[in-house]
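Participant: Please read through the structure below; I'll follow up with questions.
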Amino acid sequence: SAVRAPVPQHRPLPARSLGAPLRGGRQVAHPQPPRRPRRRLPLAPPQGGPLHPQRRPRRAPAPGRRHRPHPPRRGNLQPARRHLAARDLPALPAPRLPLPHPRHAHQAPHHPLVDRSGLVANAPYLRSWVFPSSNLLDLVRSLSHLFGLDPPLFTRSVRNAISKLVDTAYADAAALRTAREAEVDSLFAVQAELRGRGEAVNDGVRRITEEKETLERRLQDVVMATDVIEAWVAENRKGAADDATEAEGAIQPADVLSRQMLECTATDLALEDTIYALDKAVQEGSVPFDGYLRSVRALAREQFFQRVLCTKVN
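In case it helps, full-length UniProt numbering puts the sequence shown at residues 1 to 314.
Now the structure itself:
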């Protein structure tokens, strides 16, 4: 015969007033839940023994045979029934609620109720959890209300992601196009400037080439004229020397004083011409001023002596 364990029975707890002190002197921080009939909690089956009569699976009756339930036994073998109250259980801590993660959902960063590990740890109902007045139904209602105001999960559809990528690509392409258009415009401006400079360089080269050809023609003319003059000088040099000798010998002074007077006058005039030439050179800047002063001083001194000599001879 199977051994039947006694079925526990619940005993109703006395209701607490709002804010009534609990064990340890703590106060209830949330309103008292409404009274509901408590469900009976069956005891666990014994280890290695038969199942509870209420949990025993029913066997299907044989075909053609009517099923008749067994009448309850009477006598001392009838199991005693008692209720298991919530206060008979040990004090349970606040439950740990992990946040479920669907396939296409993402956890919101820095959520006030959910930490980084996905655990609901900062809910007000969990912080004020007091056993046995707190229950899972009120916890679910509170979390449902709070998560409705600030959802901890959000979804990103593939279409929205593709649209975002397309918009980003279009924005990048537009920015890149604007930059490339500005770069092309600057290159066009540089190209126009280079073309203008190239035309100016070509004009300069053309003018230099024309001037070079002109100078070459002039050089040829000068060379030809130089050859003609050199030939003429070579032909007339001998005759000019003979004529100079004849001119010098054509006029002879009458005496020594006349010869000395002629030489002094010629020297004075030559010095005068030299000083005049130095004045012109200083005005043109071809002779330095210091050298000009030294030369004029020496020439003036020599001219003074020649004029004194001419005066004495005369």
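Even glycine gets a Cβ: it sits at the ideal position worked out from N, Cα and C. Here the structure is a predicted model, which means the values were calculated and not measured.
Do three or more CB pairs link the region 132 to 140 to the region 106 to 114 at distances below 8 angstroms?
Facilitator: No, the region 132 to 140 does not touch the region 106 to 114.
Participant: One question on the structure: do D268 and Q303 come within less than 8 angstroms of each other, judged by their Cβ atoms?
Facilitator: yes
Participant: Starting from H106, trace the beta strand (DSSP E) both ways and give me its first and last residue.
Facilitator: Run containing H106: A105 to Q107, per the beta strand (DSSP E) assignment.
Participant: Could you tell me the alpha carbon to alpha carbon distance between S117 and R96, rounded to whole angstroms?
Facilitator: 12 angstroms
Participant: Find out if the Cβ-Cβ distance for the pair A168, H104 is shorter than 8 angstroms.
Facilitator: First, the amino acid is wrong: residue 168 is Thr here, not Ala. Not a contact, by the Cβ cut-off of 8 angstroms.
Participant: Could you compute how far the alpha carbon of I275 sits from the alpha carbon of L299?
Facilitator: 7 angstroms
Participant: What does DSSP give as the partner residue(s) for P98 in the beta ladder?
Facilitator: L119
Participant: Looking at S142 and Y170, is the spacing between their C-beta atoms short of 8 angstroms?
Facilitator: no
Participant: Which value, in whole angstroms, describes the spacing of the CA atoms of D290 and E272?
Facilitator: 19 angstroms
Participant: Hey, quick one: how far does the beta strand (DSSP E) through L113 stretch, first residue to last?
Facilitator: Here L113 belongs to no beta strand (DSSP E), and DSSP marks it neither H nor E.
Participant: Does DSSP put F154 in a helix, a strand or coil?
Facilitator: strand
Participant: For K212 and E193, what's the separation of their Cα atoms in angstroms?
Facilitator: 28 angstroms
Participant: Could you tell me the distance, in whole angstroms, from the CA atom of R217 to the CA atom of A281?
Facilitator: Each residue's alpha carbon lies about 32 angstroms from the other.
Participant: For G24, which residues from the same chain have a beta carbon less than 7 angstroms from its beta carbon, with the 5 sequence-adjacent residues on both sides left out?
Facilitator: Summary for G24: the model assigns pLDDT 45, below 50, so the residue's position carries little reliability; its value from the coordinates is reported in the next sentence. Nothing listed; no residue qualifies.
Participant: Give a yes or no on whether 8 angstroms exceeds the smallest Cβ distance from P124 to chain B.
Facilitator: Absent from the structure: chain B. Only one protein chain is present.
Participant: Which one of G285, Q260, L153 and V228 has the shortest CA to CA distance from P102?
Facilitator: L153
Participant: Give me the Cα-Cα distance between L146 and L99, rounded to the nearest whole angstrom.
Facilitator: 14 angstroms
Participant: Give me the residue from A174, L149, F131 and V287 with the minimum Cα distance to L92.
Facilitator: Looking only at A174, L149, F131 and V287, the smallest Cα-Cα distance to L92 is reached by F131.
Participant: Using only the heavy atoms of the ligand MN, determine whether one of them is closer than 7 angstroms to the beta carbon of A175.
Facilitator: The ligand MN is not part of this structure, which contains no ligands at all.
Participant: Going by beta carbon distance, what residues of the same chain come within less than 6 angstroms of Q260, once the five residues before and after it are set aside?
Facilitator: These residues qualify, in order along the chain: V313.
Participant: Helix, strand or coil, according to DSSP, for C310 in the structure here?
Facilitator: helix
Participant: Going by Cα to Cα distance, which pick from T311, I208, G204 and V233 is closest to L257?
Facilitator: Of the candidates T311, I208, G204 and V233, T311 places its Cα closest to the Cα of L257.
Participant: How about A94 and W129: are their beta carbons less than 8 angstroms apart?
Facilitator: Pairing A94 with W129 gives a Cβ-Cβ distance under 8 angstroms.
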